[in-house]
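S.K.: Residue numbers (our numbering): 49 to 536.
Using N, Cα and C, we set each Cβ at its ideal position, and we do this for glycine too.
Predicted model only: the values in this text are computed from it and were never measured.
Please find one structure pasted underneath; my questions will follow.
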């Protein structure tokens, strides 16, 4: 009966997290910029059955390189749920993380109640919670798979090795972030050697297989990019002007987006587990260290790194809380145990749930197009010629191609894109220049037919003065955003 009761509580936690995510995601009928890219690639699969590897709308036509497995998953589910799939399925996968964290926590502390408590914490990690709302993010599936692999690896045997191999392949095919898991296992192995820990032959073989297969699959998928960029492929061909900020790691932002409570308890758990040479904590430590090293070297996008690091810290915090609860149990004041639990619950609300809800509300309100913006883009789709090019700043380009269906000059899918630094510089100059001659030169270079000016661009650069020349630019929309047609 106790097991069934705990399972019921776990399902309730899952439903609470899922309901909270859907509450925010359904406040808008739209997706954010990245979500529209995922939607367009998925719809292409639904229409043709094949991935979109040559995008006629991106950079006026170019090859694109990515693993299409996530888009196939969404395409299959969309047969049942339609466009709702881009919000429902990521929320379902993301919420399922509570089951994985529960299993991991129970394996670390062997305490059902505490494992449920940690599972509840994992459901409201701000950076993970926000990512699953309106972006149709692949990480909503990649994160649960990766941590379930860690769970399998902790007690790997002949019965589990088949599942481990299958999920390793699945993760490798899903996203290049699978490399992070392989590097985490490598760091764990090195830590084990330094501490003279005994690692079973089966675990060593599993690590070797995962490492070789992951890098081989990534090379097969991204071979063209490896051959073109070499080692610098890890920087994704990001324009040089924004490369520094693209991989910039904000420590104070991490405290808010990961949760101060998560960070403190997790670090204590990892450090104390290393001191005590706890094998399962050492595995989490290897994964956390690999993530921190990649973040420090600016080889991993900060938001992605924080998502995986925060889950590892949440699980490690189970060890910290278990130690403290055991200590309280040995004292002569057992009522402190209940007081401590109540204090931690209050801290969770303040450091996890509240930031999650605040960031989610901000994300849903600020990062999706307005009704008027969608109206403008629908007008462009219906009234502009099919082969026109429309220029938009970064952050709007995928919305543009998905809703208006027109070519763009620049987008943030930089891998294999032509002249990203030059194009980024020219687009910035186009919106910031006061010279009509310079603007017309850039417009001619990229065969631009329409100029899209969102409110964010005007706030950044001020009014785009050269659009005042009515002999060259015909104003179509004058609100927020503005749209001008090039007629000269």
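Taking buried to mean at least 16 other C-beta atoms within 10 Å of its own C-beta, is residue 434 buried or exposed?
M.R.: With fewer than 16 other Cβ atoms within 10 Å, it is exposed.
S.K.: I think residue 336 touches residue 357, with their Cβ atoms under 8 Å apart; what is that distance to the nearest whole Å?
M.R.: 6 Å
S.K.: Mark residue 330 as exposed unless 16 or more other C-beta atoms lie within 10 angstroms of its C-beta, in which case mark it buried.
M.R.: buried
S.K.: Can you tell me whether residue 134 is buried or exposed, with buried defined as 16 or more other CB within 10 angstroms of its CB?
M.R.: buried
S.K.: Would DSSP call residue 523 helix, strand or coil?
M.R.: strand
S.K.: Tell me the DSSP bridge mates of residue 530?
M.R.: 501, 526
S.K.: Assuming contact is defined by CB atoms lying nearer than 9 Å, are residue 259 and residue 233 in contact in what I supplied?
M.R.: yes
S.K.: With a threshold of 8 Å on Cβ separation, who are the neighbours of residue 362 within its own chain once the five nearest residues in sequence on each side are excluded?
M.R.: 149, 166, 169, 170, 173, 310, 314
S.K.: Could you check the C-alpha separation between residue 240 and residue 326 for me, to the nearest Å?
M.R.: 10 Å
S.K.: Can you tell which of 520, 505, 536, 517 has its C-alpha closest to the C-alpha of residue 530?
M.R.: 505
S.K.: Can you tell me the Cβ-Cβ gap for residue 466 and residue 110, rounded? I've got them flagged as a contact below 8 Å.
M.R.: 6 Å
S.K.: Closest to residue 161 by C-alpha separation, out of 271, 61, 457, 426, would be which residue?
M.R.: Ranked by how close their Cα comes to the Cα of residue 161, the residues 271, 61, 457, 426 have 61 in first place.
S.K.: Strictly by DSSP, which residues pair up with residue 456?
M.R.: Partner(s): none; residue 456 has no beta bridge.
S.K.: Exposed or buried, which one is residue 95 when buried takes at least 16 other CB atoms within 10 Å?
M.R.: exposed
S.K.: Beta carbon of residue 225, beta carbon of residue 194: below 9 Å?
M.R.: Result yes, Cβ atoms of residue 225 and residue 194 sit closer than 9 Å.
S.K.: Provide the residue span of the alpha helix (DSSP H) that contains residue 314, from first to last.
M.R.: 308-323
S.K.: Taking the alpha-carbon positions, what's the residue 202 to residue 58 distance?
M.R.: 22 Å
S.K.: For residue 438, which three-state DSSP category applies?
M.R.: Under the three-state reduction of DSSP, residue 438 is assigned to strand.
S.K.: Using alpha carbons as the reference points, say which of 391, 319, 343, 401 lies closest to residue 364.
M.R.: It is 319 whose Cα lies nearest to the Cα of residue 364.
S.K.: Between 447, 420, 453, 417, which has its C-alpha nearest residue 432's C-alpha?
M.R.: 453
S.K.: Are the CB atoms of residue 182 and residue 415 within a distance shorter than 9 Å?
M.R.: Yes, Cβ-Cβ distance for residue 415 and residue 182 is below 9 Å.
S.K.: Check whether the segment 340-352 touches the segment 242-255, taking contact to mean three or more Cβ pairs, one atom from each stretch, closer than 8 Å.
M.R.: no
S.K.: Can you check which of these residues, 430, 422, 464, 427, is closest to residue 446 by C-alpha distance?
M.R.: 422
S.K.: Using 8 Å as the Cβ pair cut-off and three pairs as the minimum, do the segment 98-114 and the segment 65-74 touch?
M.R.: no
S.K.: Residue 88: which of 75, 77, 105 sits nearest, CA to CA?
M.R.: 105
S.K.: What separation, rounded to the nearest whole angstrom, lies between the Cα atoms of residue 140 and residue 185?
M.R.: 12 Å
S.K.: I need the DSSP call for residue 57, collapsed to helix, strand or coil.
M.R.: helix
S.K.: Quick check: the Cα distance between residue 128 and residue 277, rounded to an integer number of angstroms?
M.R.: 41 Å
S.K.: Under a three-way DSSP split, which group does residue 110 fall into?
M.R.: If DSSP states are grouped into helix, strand and coil, residue 110 belongs with the strands.
S.K.: What first and last residue would you give for the alpha helix (DSSP H) that runs through residue 255?
M.R.: 249-269
S.K.: Take the Cβ of residue 438 as the centre, count every other Cβ of all protein chains shown within 10 Å, and call the residue buried at 16 or more, exposed below.
M.R.: buried
S.K.: Give me the DSSP bridge partner(s) of residue 103.
M.R.: Under the DSSP definition of a beta bridge, residue 103 partners with 110.
S.K.: Just to confirm, is the Cβ distance from residue 502 to residue 426 under 9 Å?
M.R.: The Cβ atoms of residue 502 and residue 426 lie no closer than 9 Å to each other.
S.K.: Would you please state the rounded distance, in angstroms, between the beta carbons of residue 436 and residue 497? I believe it to be under 8 Å.
M.R.: 4 Å
S.K.: Using the C-alpha atoms, what's the distance from residue 176 back to residue 523?
M.R.: Residue 523 and residue 176: Cα-Cα distance of roughly 41 Å.
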